[in-house]
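Notes follow once the structure below has been shown.
Written out as C-alpha cells, the structure is:
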C-alpha cells in the first residue's frame with residue numbers, strides 16, 4: 027500500500043505485532059531502520075522481519091516505550107546477541123529484569139528529541155502504569171509517524187504530538203462492555219480501565235471525532251485485546267468516527283498479534 031506524499035517513497039512502516047502477547051513496529055527510511063519496542067521473542071522478530079524482506083542485522087536502533095514484558099521480551103536477543111543500540115530512559119532501564127544484558131545503550135529522557143541518521147525522534151510522556159512510559163513520533167523527509175500505545179487516556183500533550191502525523195499507530199485496546207462482562211478478575215479490569223491503563227475503542231473514537239486533524243494517510247489500530255475486543259468491533263467504531271469527521275482520505279488498518287501488517291509506504 028502506498029500513501030505517497032509526493033514523489034519517491036522515503037518511509038516504510040509495518041507493525042510486526044501488537045497486543046498483550048508482544049508489540050513491535052518497524053520503520054525504515056533511506057538511511058535508517060529501527061524498531062519501536064521489542065516485545066516479540068527474538069526468534070519471532072527475526073521471522074516477521076524476514077516476512078517483510080528485512081533482517082535484524084540491518085537495524086540501527088531499538089526504541090523502548092516502557093519495561094512491560096510485551097514490549098521487551100526480544101531485547102535479550104536483539105540488544106544482547108545482535109548488539110543493536112537500545113534507546114531507553116534511565117528509569118525504564120532500571121526497571122528491566124537484572125539478568126537482561128544490553129551491549130549498547132543510549133539513555134534518553136521523556137519529552138526530549140534526538141536524531142538517528144535521517145530520523146528525528148521525539149519522545150513524549152504517556153499515562154500508563156510503568157516506571158517512565160513514553161511514546162514516539164518519528165520524522166524523516168517530512169513524513170511524520172507516531173506510535174502511541176499503552177495509555178489510559180489521551181492527554182493534551184499526546185493530542186499535540188499526533189497533529190500533523192501522516193501515519194498514526196494508535197491503541198484501541200478494548201470494548202468496555204466486553205471488558206466488563208469478560209473473564210478477567212475485577213482487579214485486572216480496574217487496571218485496564220484506569221487512567222493509567224489502556225485506551226478503549228470509545229476513547230479512541232472520541233479523539234477521532236473531536237481532536238483528529240485528518241492529516242493521517244494511514245491509521246493503524248493497535249494493541250487490540252484478544253479477550254476484551256474484536257477486530258470488527260474496533261474497525262466499525264473507528265470507521266464510523268472517521269466518517270463523522272469526514273476523514274475520507276485516511277486509510278484504516280488493523281494490527282494483529284499473529285502476523286505483520288502490510289508495509290505502508292510514504
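Numbering (this note's numbering), first residue to last: 27 to 292.
Even for Gly, the Cβ is constructed at its ideal location relative to N, Cα and C.
Pair every Cβ in the region 181-195 with every Cβ in the region 63-81, then say whether three or more of these pairs are closer than 8 angstroms. no
Indicate the three-state DSSP secondary structure (helix, strand or coil) for residue 97 in the structure shown. helix
Need the endpoints of the beta strand (DSSP E) that residue 133 sits in, please. 131-134
When the Cα atoms are used, what is the spatial distance from residue 130 to residue 90? 13 angstroms
Quick check: the Cα distance between residue 228 and residue 116, rounded to an integer number of angstroms? 33 angstroms
So, using beta-carbon positions, are residue 134 and residue 152 closer together than 8 angstroms? no
Looking at the strands, I want to know which residues DSSP matches up with residue 157. According to DSSP, which records beta bridges pairwise, residue 157 is partnered with nothing at all.
Among residues of its own chain, excluding the 5 on either side of residue 268, which ones have a beta-carbon nearer than 7 angstroms to its beta-carbon? 234, 276 and 278
In its own chain, which residues sit with a C-beta less than 7 angstroms from the C-beta of residue 67, not counting the 5 before and 5 after it? 99 and 100
Measuring straight from C-alpha to C-alpha, what distance separates residue 30 and residue 210? Its pLDDT being 48, under 50, residue 30 is placed unreliably by the model, and the measurement read from it follows with that caveat. Approximately 42 angstroms, taken between the alpha carbons.
Given 8 angstroms as the limit, is there contact between the region 116-125 and the region 47-62, that is, 3 or more CB pairs closer than that? no
Backbone CA spacing between residue 270 and residue 260 [nearest angstrom]: 16 angstroms
Look at the alpha carbon of residue 106 and the alpha carbon of residue 137, and state the distance between them as a whole number of angstroms. 27 angstroms
Residue 290 to residue 193, Cα distance in whole Å? 9 angstroms
Strictly by DSSP, which residues pair up with residue 59? 54
Distance, residue 252 Cα to residue 224 Cα: 14 angstroms
Residue 30 by DSSP, collapsed to three states: which one? Since pLDDT at residue 30 reaches only 48, below the 50 mark, its modelled position is unreliable, and no value is offered.
Who are the Cβ neighbours of residue 201 in its own chain at under 6 angstroms, not counting the five residues just before and after it? 227, 255 and 259
Per DSSP, residue 197 is paired with what? 248
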